[in-house]
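Engineer:
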Amino acid sequence: MSTLYLTHPACLDHETPLGHPECAERLRAVERALEQEKFALLLREQAPLGSREAIHRVHPERYVEAIEQATPRSGIVHIDGDTALSRGSFEAALRGVGAAVRATDEVMAGRVGNAFCATRPPGHHAERAQAMGFCLFNNVAIAARHARTAHGAGRVAIVDWDVHHGNGTQDIFWSDPDVLYCSTHEMPLYPGTGAMSEQGEHDTIVNVPLPAGTNSRSFREAFDFAILPRLEAFKADLIIISAGFDAHWRDPLANLNLTEADFAWATLRLMAIADSQCKGRIVSMLEGGYDLDALAKSTAGHVEALMGM
Ligand SMILES: [Zn+2]
Numbered sequence: 004m005s006t007l008y009l010t011h012p013a014c015l016d017h018e019t020p021l022g023h024p025e026c027a028e029r030l031r032a033v034e035r036a037l038e039q040e041k042f043a044l045l046l047r048e049q050a051p052l053g054s055r056e057a058i059h060r061v062h063p064e065r066y067v068e069a070i071e072q073a074t075p076r077s078g079i080v081h082i083d084g085d086t087a088l089s090r091g092s093f094e095a096a097l098r099g100v101g102a103a104v105r106a107t108d109e110v111m112a113g114r115v116g117n118a119f120c121a122t123r124p125p126g127h128h129a130e131r132a133q134a135m136g137f138c139l140f141n142n143v144a145i146a147a148r149h150a151r152t153a154h155g156a157g158r159v160a161i162v163d164w165d166v167h168h169g170n171g172t173q174d175i176f177w178s179d180p181d182v183l184y185c186s187t188h189e190m191p192l193y194p195g196t197g198a199m200s201e202q203g204e205h206d207t208i209v210n211v212p213l214p215a216g217t218n219s220r221s222f223r224e225a226f227d228f229a230i231l232p233r234l235e236a237f238k239a240d241l242i243i244i245s246a247g248f249d250a251h252w253r254d255p256l257a258n259l260n261l262t263e264a265d266f267a268w269a270t271l272r273l274m275a276i277a278d279s280q281c282k283g284r285i286v287s288m289l290e291g292g293y294d295l296d297a298l299a300k301s302t303a304g305h306v307e308a309l310m311g312m
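Heads up, the sequence shown is in our numbering, so the first residue is 4 and it goes up one at a time.
#1: Tell me whether ASP249, by its Cβ, gets closer than 7 Å to a heavy atom of ligand 1.
#2: Between the alpha carbons of ILE244 and GLN72, how many angstroms are there, rounded?
#3: Considering only the beta carbon of each residue, do HIS154 and THR196 sit closer than 8 Å?
#4: How close, in whole Å, do the beta carbons of ALA146 and ALA103 come, if the pair is a contact with beta carbons under 8 Å?
#5: Does the beta-carbon of ASP165, which I'm using as the reference point, lie nearer than 7 Å to any heavy atom of ligand 1?
#6: Do you know whose CA, among SER221, ALA297, SER5, LEU298, lies nearest VAL110's CA?
#7: Span of the alpha helix (DSSP H) holding SER89?
#8: When the Cα atoms are used, what is the spatial distance from LYS238 to CYS185?
#9: On the three-state DSSP scale, how would you describe PRO212?
#10: Would you say the beta carbon of GLY291 comes nearer than 7 Å to a heavy atom of ligand 1?
#11: Who are the Cβ neighbours of GLU263 in its own chain at under 6 Å, not counting the five residues just before and after it?
#12: Between PRO255 and ASP296, is the Cβ-Cβ spacing less than 8 Å?
#13: Roughly how many whole angstroms lie between the Cα atoms of GLU307 and ALA36?
#14: Indicate whether LEU271 and ALA160 have their beta-carbon atoms separated by less than 8 Å.
#15: What residue from THR19, GLN202, ASN218 has the CA that sits closest to GLY78's CA?
#16: Nearest-angstrom Cα distance between PRO212 and HIS188?
#17: How many angstroms separate the CA atom of PHE137 from the CA atom of THR10?
#18: Where does GLY157 land, buried or exposed, given buried means 16+ other C-beta within 10 angstroms?
#19: Curious, which full-length alpha helix (DSSP H) runs of at least 4 residues does the stretch 140 to 212 contain?
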């Protein structure tokens, strides 16, 4: 079964201030990495525009309108110290949603084995009604709700290995018994949430905070012992990955010491569970990753694993 790769040039038009780590160069680095010959068999598609209907399953109408109205005709406006909007930001964010929904459609229908979406801005810090941490719409949350509503998925699991805690995803699914949210992240670090004691109303939030300096071996142990058993017990119909690559040792925003091989390893672990429980169904969405070389190599390893290479 093939791997679908979704992206869109409009995601390059989300401009952030000069020197901002979340920049268009990130996506160009991913694109270049996936242009290598070994990725010739990737099924490539441009991300469609996401529908309001899909977004409103997660974010209230008023919030979406406020983001649209705040989008400037020129220049850059700040939502907060980290999160900015430029002329192209709203369309870029809609392409992220469109990629999430299209990937979910194709994977749930069995037309592809799994999918990777490279879009920006990222999504996992976006709460129900609050943009933050470079994020506007929570793409993985929208994919999860779409799988449940449009495809009848009973349960969906989201695994988030971005070095930052996905406070937005946790906020959205805090009271939802049918979505499991598992996160490994550095702590203490932005945004400050993600303590092990944060477990959700139905014990479906699994937080595995890691101290600065955590290496490959400790990360893999934490993943094997704290995340995978919960995932196995949950028996999801779809696994969604918040694939941030900023836990890489080269990343300038954090201090974990993972390598590109760790992300490929984690991908294979999740694929083994997906194979045994939900016909291999995985939708992976790019989140963070701010060292361009580490991002390119980590993404390449992740996608190679998804393709079964
Ligand atoms: Zn991050």
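Each residue gets a CB set at the ideal place from its N, CA and C atoms; glycine is no exception.
Structural biologist: Based on what the coordinates show:
#1: The count along the sequence shown starts at 1 and reaches residue 249 at position 246. Result yes, Cβ under 7 Å from ligand 1.
#2: Taking the first residue of the sequence shown as 1, we reach residue 244 at position 241. Taking the first residue of the sequence shown as 1, we reach residue 72 at position 69. Taking the straight line joining both Cα atoms gives about 30 Å.
#3: For this step, residue 154 is matched to residue 151 along the sequence shown. For this step, residue 196 is matched to residue 193 along the sequence shown. Taking 8 Å as the Cβ cut-off, HIS154 and THR196 do not qualify as a contacting pair.
#4: The residue given as residue 146 occupies position 143 in the sequence shown. The residue given as residue 103 occupies position 100 in the sequence shown. About 4 Å; that satisfies the 8 Å criterion.
#5: Here residue 165 corresponds to residue number 162 of the sequence shown, with the count starting at 1. Yes, the beta carbon of ASP165 sits closer than 7 Å to at least one heavy atom of ligand 1.
#6: Against the sequence shown, residue 110 aligns to sequence position 107. Closest by alpha carbon: SER5.
#7: Residue 89 sits at position 86 when you count from the first residue of the sequence shown. Premise fails: SER89 lies in the beta strand (DSSP E), 87 to 89, not in any alpha helix (DSSP H).
#8: Taking the first residue of the sequence shown as 1, we reach residue 238 at position 235. Taking the first residue of the sequence shown as 1, we reach residue 185 at position 182. Looking at the two C-alpha atoms, the distance is approximately 14 Å.
#9: If you number the sequence shown from 1, residue 212 lands on position 209. In the three-state scheme derived from DSSP, where H, G and I count as helix and E and B as strand, PRO212 is classed as strand.
#10: By 1-based counting over the sequence shown, the position of residue 291 is 288. For GLY291, the Cβ falls inside the 7 Å cut-off from some heavy atom of ligand 1.
#11: As a working note, residue 263 is residue 260 in the sequence shown. Excluding residues within five positions, the ones whose Cβ falls inside 6 Å are LYS300, SER301, GLY304.
#12: Along the sequence shown, one-based indexing puts residue 255 at 252. Along the sequence shown, one-based indexing puts residue 296 at 293. Their beta carbons are not under 8 Å apart, which means PRO255 does not touch ASP296 by this criterion.
#13: Numbered from its first residue, the sequence shown carries residue 307 at position 304. Numbered from its first residue, the sequence shown carries residue 36 at position 33. GLU307 and ALA36: Cα-Cα distance of roughly 11 Å.
#14: Mapped onto the sequence shown, residue 271 falls at position 268. Mapped onto the sequence shown, residue 160 falls at position 157. Their beta carbons are not under 8 Å apart, which means LEU271 does not touch ALA160 by this criterion.
#15: Taking the first residue of the sequence shown as 1, we reach residue 78 at position 75. The alpha carbon of GLY78 has as its nearest neighbour, out of THR19, GLN202, ASN218, the alpha carbon of THR19.
#16: Numbered from its first residue, the sequence shown carries residue 212 at position 209. Numbered from its first residue, the sequence shown carries residue 188 at position 185. The straight-line gap from Cα to Cα measures roughly 5 Å.
#17: Indexing the sequence shown from 1 puts residue 137 at position 134. Indexing the sequence shown from 1 puts residue 10 at position 7. Going from the Cα of PHE137 to the Cα of THR10 covers about 18 Å.
#18: Start at 1 with the first residue of the sequence shown, and residue 157 comes out as number 154. Taking all protein chains shown into account, GLY157 has fewer than 16 neighbouring C-beta atoms within 10 Å of its C-beta and is therefore exposed.
#19: 142 to 154, 170 to 176
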